[in-house]
């Protein structure tokens, strides 16, 4: 809603994107799309560079890459998947790196938009992780064996199965990818919207003429938005970690001996 003085507060409309080249490229080839492409390219290039010419005494870049690698390998993959962690480590490392880069795009001035605050990309990545953990279960147990393991918990009385099986089906095949996507999307969407409110509102207050109180408030709002930006760096990293951990946990439940 537009208010006096021409101020228009940010809202959901600011998250709509159209073609970067109208009339030539389709609407889906928009800013979030190219950010996702750039993010994927950066993951490939950065890890390729990090894996070349490794030294016993690492450089700062090699040390940073090894820290991230060991963090995902030891803190996520090995802790959750145990003996099977090597098979899924490349995906988990790529997943964490891709999430981290795209989440941090929201704090870099050239981009200033976290890719996964667009819900379609959050759903796309959640579906990919869903395919990984469902595929892992089918590969280990076979189609029928995995369905039996996933839908029929051990020790459940037979008379409860008509109730339990639909609930387990919803949990395994529907709610997991939905909640995985919405958790990522909602945090990034809300965080970016808060930053926009402080920046746009602060910028407007700074331009109000002959009102010192508004001008001071605008300066405080802009300064506070910088603090929020720093907080969003942490939230972006945290959400990348949570998404990767949940993916590993879902894979673990698919391949574990006990349900």
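Residue numbers (UniProt numbering): 1 to 259. Every residue gets a Cβ at the ideal spot worked out from N, C-alpha and C, and that includes glycine. For clarity, every value in this text was computed on a predicted model and none was experimentally measured.
Is residue j closer than 9 Å to residue i when the C-beta atoms are compared?
i	j	result
residue 99	residue 249	no
residue 10	residue 200	yes
residue 63	residue 189	no
residue 228	residue 198	yes
residue 262	residue 204	This structure gives no information on residue 262, because the portion of the chain shown stretches from 1 to 259.
residue 97	residue 47	yes
residue 164	residue 180	no
residue 182	residue 122	yes
residue 251	residue 80	yes
residue 50	residue 40	no
residue 103	residue 223	no
Looking only at its own chain, which residues have a Cβ that is under 8 Å from the Cβ of residue i, when we skip the five neighbours before and after it?
i	result
residue 4	For residue 4, the predicted structure reports a pLDDT of 48, less than 50, and the residue's modelled location is therefore unreliable. A value from the coordinates is still provided. Cβ neighbours of residue 4 beyond the five flanking positions: none.
residue 73	85, 89 and 93
residue 220	202
residue 12	none
residue 257	none
If I measure Cβ to Cβ from residue i and keep anything under 6 Å in the same chain, skipping five residues before and after, which residues do I get?
i	result
residue 191	232 and 235
residue 254	133, 136 and 137
residue 37	none
residue 129	247
residue 244	76, 92, 95 and 96
Residue i and residue j look like a contact to me (Cβ under 8 Å); what is the Cβ gap, rounded to whole Å?
i	j	result
residue 77	residue 54	Not quite, the Cβ-Cβ distance comes to about 20 Å (not below 8 Å), so this is no contact.
residue 242	residue 177	No, residue 242 and residue 177 are not in contact; Cβ-Cβ is about 15 Å, not under 8 Å.
residue 247	residue 131	Residue 247 to residue 131, Cβ: 11 Å. No contact.
residue 35	residue 105	5 Å
residue 206	residue 215	6 Å
Between residue i and chain C, is any beta-carbon pair separated by less than 9 Å?
i	result
residue 8	The chain labelled as chain C is not found in the depicted structure, where only one protein chain is given.
By the 10 Å Cβ neighbour count, where 16 or more other Cβ atoms means buried, how is residue i classified, buried or exposed?
i	result
residue 28	exposed
residue 149	buried
residue 20	exposed
residue 107	buried
residue 101	buried
residue 218	buried
residue 32	buried
residue 1	Unreliable placement is indicated for residue 1, whose pLDDT of 40 sits below 50; no coordinate value is reported for it.
residue 143	exposed
Near residue i, which residues of its chain fall below 7 Å by C-beta distance, leaving aside the five closest residues on each side in sequence?
i	result
residue 30	17, 18, 19 and 20
residue 111	35 and 105
Is the stretch 156 to 175 touching the stretch 110 to 120 in the sense that three or more CB pairs, one from each, lie closer than 8 Å? no
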